[in-house]
Amino acid sequence: MAESKYPMIPVEEAVSRVLAAVAPLPPIELPFMKAQGLVLAEDVRAAEPMPPFAASAKDGFAVIAGDLGPTRRIVGDQFAGHATDLRLVPGTAARITTGAPLPTGADAIVMVEFTEVRGDQVTITRPVEPGADVRPAGQDIEAGQIVLPAGTRLGPAELGLLATV
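Going by our numbering, the sequence shown opens with residue 34, and the numbers climb by one from there.
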């Protein structure tokens, strides 16, 4: 076996010497869809909360929990992905789908299974508490929260997350 003219050193020392001889590359900015496989130079923070509004966690009816009496007039429909200026006042309710923003004034959701509908009236068949089946704004991600830390390698899942913040 031939002998090396270079002295043997421990692996830790070799790694230390290599790291001392290199420097990180300067950060660059790219559209996130061109960044797959790259590494984040800095933390990515959410610009706004997710969801950005109080949203329904179930299909059913948006209501004001403190209303007296179980029967309310249906004043409209609130769908996920559609903005409306729907407003609830005492004695009213709105049909709502999962993920839809709560109408102004609403503070609870009643699942359709706990209602009886006759014409434009809905009767709630069990007590409802404020906040029932409501996902508050920022429940998943708060504004300013770090969603991906510096040093993260960007793969499909990370790019999908970046697309939402």
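Yeah, the Cβ is synthetic: ideal placement off N, Cα and C, and Gly gets one too.
Spatial neighbours of residue i within its chain, please: CB distance less than 6 Å, with the 5 preceding and 5 following residues excluded, ordered by chain position.
| i | result |
| --- | --- |
| residue 119 | 109, 111, 127 and 136 |
| residue 105 | 124, 125, 126 and 155 |
| residue 86 | 134 and 170 |
| residue 149 | 156 |
| residue 147 | 158 and 159 |
Quick check on residue i: does DSSP put it in helix, strand or coil?
| i | result |
| --- | --- |
| residue 130 | coil |
| residue 41 | coil |
| residue 50 | helix |
| residue 145 | helix |
| residue 109 | strand |
| residue 190 | helix |
| residue 181 | strand |
| residue 94 | strand |
| residue 196 | helix |
Who are the Cβ neighbours of residue i in its own chain at under 8 Å, not counting the five residues just before and after it?
| i | result |
| --- | --- |
| residue 174 | 79, 82, 83, 180 and 198 |
| residue 115 | 133 |
| residue 188 | 69 and 70 |
| residue 92 | 129, 130, 131, 144 and 145 |
What number of angstroms, rounded off, separates the C-alpha of residue i from the C-alpha of residue j?
| i | j | result |
| --- | --- | --- |
| residue 70 | residue 76 | 16 Å |
| residue 141 | residue 167 | 6 Å |
| residue 138 | residue 145 | 19 Å |
| residue 113 | residue 90 | 11 Å |
| residue 178 | residue 172 | 12 Å |
| residue 101 | residue 158 | 13 Å |
| residue 39 | residue 196 | 51 Å |
| residue 190 | residue 67 | 14 Å |
Leaving out the 5 sequence neighbours to the left and right, which residues in its chain are closer than 7 Å to residue i when beta-carbon positions are compared?
| i | result |
| --- | --- |
| residue 184 | 72 and 73 |
| residue 194 | 180 and 181 |
Compare the C-beta of residue i with all C-beta atoms of chain B and state if any pair is closer than 9 Å.
| i | result |
| --- | --- |
| residue 142 | Among the chains of the structure shown, chain B does not appear; only one protein chain is present. |
How about the stretch 95 to 104 and the stretch 154 to 165: do they share at least three Cβ pairs that are nearer than 8 Å?
Remark: three or more beta-carbon pairs, one from each stretch, lie closer than 8 Å, so the stretch 95 to 104 and the stretch 154 to 165 are flagged as touching.
Inspect the CB distances between the stretch 135 to 155 and the stretch 48 to 65 and report whether three or more fall short of 8 Å.
Result no; under three Cβ-Cβ pairs closer than 8 Å.
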